[in-house]
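Colleague: Below is one structure. I have some questions about it.
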Amino acid sequence: MLLAEQRRQVVQVGLDALAHGVVHGTSGNMSIRDPATGLIAISPSGIPYPAVTPADIVVVDEEGEVVEGVRKPSSETPLHTMVHRERPHVRAIVHTHSHYATVVGCLRPALPPILTEVALVVGARVPVTRYGLTGTPDFGRSVIEVLEPGGLAVILKNHGLICFGDDFERALGVAEAVEEAAKVYVHALAANGGREPDLVPEELIPEMRERFFASYGQPKTPTAG
Ligand SMILES: [Zn+2]
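Going from the sequence shown to my numbering is simple: count from 1 and add 1052.
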């Protein structure tokens, strides 16, 4: 079986996304690219996450042609393959229809820096696409148009959210963080009579991010004592 480990990871991230509440039913889809072969393991179309097994995951090439698999790949395969082709920093993709990110995608050109944590992890703004025709390469194009080099998240206009990482843990973590920030933003807007709430000062974000990435977490090698 091709990409057995990546297939297992696609099954697991679906279950994790479901458990963390960022996907429901059969909505959303996930893929991961194998840098050695360029092949992509992607979730199948229309199967509820708890029922998906590694044999249901579909292996496609970067043009979206099925290389191995008994199921139909996700209907958003052209979106995934375009991002994998055009953004080499992306290995794992998590696409959700999470509620509050979708609300922001109906209201604004971007999710502004409302939460410090998200500004640190994702950057100042999560861009919102123009409206793209779902299931077609145009949808992928609408994402590439606003996805800056190294970008980790894009909100899909009137649709949902797509997040990126070098592995699924990162991509799913970004999806959860953006959804939380979108939730706070929507509530803050409502509580403020629809006026823009206070935001993290944008000019401070580059320095904040530099410090964060230099100092966050435990040292890579254990130290004595
Ligand atoms: Zn979708």
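Here a beta-carbon is modelled for each residue, glycine too, at the ideal position from N, C-alpha and C.
State the Cα-Cα distance for the pair V1142 and L1204, rounded to the nearest angstrom.
Modeller: Mapped onto the sequence shown, residue 1142 falls at position 90. Mapped onto the sequence shown, residue 1204 falls at position 152. Using only the alpha carbons, I get a separation of about 8 angstroms.
Colleague: Would you kindly work out how many angstroms separate the C-alpha atoms of S1194 and P1164, rounded to a whole number?
Modeller: Counting from 1 along the sequence shown, the entry for residue 1194 is found at position 142. Counting from 1 along the sequence shown, the entry for residue 1164 is found at position 112. About 19 angstroms.
Colleague: Mind listing, in chain order, the continuous alpha helix (DSSP H) runs of no fewer than 4 residues lying wholly within the segment 1149-1213?
Modeller: Qualifying alpha helix (DSSP H) stretches, in chain order: 1151-1157, 1168-1174 and 1189-1198.
Colleague: Helix, strand or coil for T1119, going by three-state DSSP, please let me know.
Modeller: Counted from its first residue, the sequence shown places residue 1119 at position 67. Note that residue 1119 is Val in the sequence shown here, rather than Thr. Strand at V1119.
Colleague: Quick check: the segment 1054-1063 against the segment 1090-1102, are at least 3 beta-carbon pairs closer than 8 angstroms?
Modeller: Contact between the segment 1090-1102 and the segment 1054-1063 is present, because at least three Cβ pairs lie under 8 angstroms.
Colleague: Write down the C-beta distance between L1213 and E1231 rounded to the nearest angstrom, noting that I regard them as a contact closer than 8 angstroms.
Modeller: Within the sequence shown, numbered from 1, the residue matching residue 1213 stands at position 161. Within the sequence shown, numbered from 1, the residue matching residue 1231 stands at position 179. Confirmed, about 7 angstroms.
Colleague: Quick check: the Cα distance between V1075 and R1263, rounded to an integer number of angstroms?
Modeller: Residue 1075 sits at position 23 when you count from the first residue of the sequence shown. Residue 1263 sits at position 211 when you count from the first residue of the sequence shown. So the alpha carbons of these two residues sit roughly 32 angstroms apart.
Colleague: With DSSP as the reference, please indicate the residues paired to P1258 in a beta bridge.
Modeller: Here residue 1258 refers to the residue found at position 206 when the sequence shown is read from its first residue. P1258 pairs with nothing; no bridge assigned.
Colleague: What do you reckon, are the CB atoms on I1145 and F1216 nearer than 8 angstroms?
Modeller: To locate residue 1145, count along the sequence shown from 1; it is residue 93. To locate residue 1216, count along the sequence shown from 1; it is residue 164. For I1145 and F1216, yes; Cβs fall inside 8 angstroms.
Colleague: Mark F1191 as exposed unless 16 or more other C-beta atoms lie within 10 angstroms of its C-beta, in which case mark it buried.
Modeller: Taking the first residue of the sequence shown as position 1, residue 1191 is located at position 139. Classification of F1191: buried, given that the 10 Å Cβ count is 16 or more.
Colleague: Who are the near neighbours of R1199 in its chain, counting only those whose CB is closer than 6 angstroms to its CB and skipping five residues on each side?
Modeller: For the purposes of this step, residue 1199 is taken as residue 147 along the sequence shown, with counting starting at 1. Per the sequence shown, the amino acid found at residue 1199 is Leu instead of Arg. Cβ neighbours of L1199 beyond the five flanking positions: V1206.
Colleague: What is the rounded straight-line gap between the Cα of R1137 and the Cα of T1129?
Modeller: Numbered from its first residue, the sequence shown carries residue 1137 at position 85. Numbered from its first residue, the sequence shown carries residue 1129 at position 77. The straight-line gap from Cα to Cα measures roughly 12 angstroms.
Colleague: Could you tell me the alpha carbon to alpha carbon distance between V1135 and I1196, rounded to whole angstroms?
Modeller: Looking up residue 1135 in the sequence shown gives position 83. Looking up residue 1196 in the sequence shown gives position 144. Near 7 angstroms, if we compare the C-alpha coordinates of I1196 and V1135.
Colleague: With a threshold of 7 angstroms, establish whether the CB of H1149 neighbours any heavy atom of ligand 1.
Modeller: Stepping through the sequence shown from its first residue, residue 1149 is reached at position 97. Yes - ligand 1 has a heavy atom lying nearer than 7 angstroms to the Cβ of H1149.
Colleague: For A1276, count neighbouring C-beta atoms within 10 Å of its own C-beta (all shown protein chains included) and say buried if the count is 16 or more, exposed if not.
Modeller: Within the sequence shown, numbered from 1, the residue matching residue 1276 stands at position 224. For A1276, the pLDDT reaches just 44, beneath the cut-off of 50, and the residue's location in the model is therefore unreliable, although a value from the coordinates is still provided. Exposed: under 16 other Cβ atoms inside 10 Å.
Colleague: Exposed or buried, what is H1239 when buried is set at 16 or more other beta-carbons lying within 10 Å of its beta-carbon?
Modeller: Within the sequence shown, residue 1239 is the residue found at index 187, counting from 1. Looking at its Cβ environment, which holds fewer than 16 other Cβ atoms inside 10 Å, H1239 is exposed.
Colleague: Evaluate the contact criterion for the segment 1164-1176 versus the segment 1250-1259: three or more CB pairs, one atom per stretch, below 8 angstroms.
Modeller: Yes: at least three Cβ pairs fall under 8 angstroms.
Colleague: Using only the alpha-carbon positions, how far apart do A1088 and P1102 sit?
Modeller: Position 36 of the sequence shown, counted from the first residue, corresponds to residue 1088. Position 50 of the sequence shown, counted from the first residue, corresponds to residue 1102. The alpha-carbon atoms of A1088 and P1102 are separated by roughly 29 angstroms.
Colleague: Would you say S1097 and P1125 are within 8 angstroms of each other, going by their C-beta atoms?
Modeller: Numbered from its first residue, the sequence shown carries residue 1097 at position 45. Numbered from its first residue, the sequence shown carries residue 1125 at position 73. A contact, by the Cβ cut-off of 8 angstroms.
Colleague: May I ask you to list the residues that DSSP assigns as paired with S1083?
Modeller: Residue 1083 sits at position 31 when you count from the first residue of the sequence shown. Paired residue(s): I1094 and I1145.
Colleague: Check for me: the alpha helix (DSSP H) holding V1065 runs from which residue to which?
Modeller: Taking the sequence shown and counting its residues from 1, the one referred to as residue 1065 is at position 13. Here the alpha helix (DSSP H) through V1065 covers A1056 to A1071.
Colleague: Taking the straight line between their C-alpha atoms, what separation do you get for L1256 and A1266?
Modeller: Sequence index remark: in the sequence shown, residue 1256 carries index 204 (1-based). Sequence index remark: in the sequence shown, residue 1266 carries index 214 (1-based). Distance between the alpha carbons of L1256 and A1266: 16 angstroms.
Colleague: Please report the straight-line C-alpha distance between T1148 and S1079, rounded to a whole angstrom.
Modeller: Against the sequence shown, residue 1148 aligns to sequence position 96. Against the sequence shown, residue 1079 aligns to sequence position 27. If you take the alpha carbons of T1148 and S1079, they lie about 7 angstroms apart.
Colleague: Helix, strand or coil for P1130, going by three-state DSSP, please let me know.
Modeller: Locating residue 1130 in the sequence shown gives position 78, counting from the first residue. Note: P1130 maps to helix in three-state DSSP.
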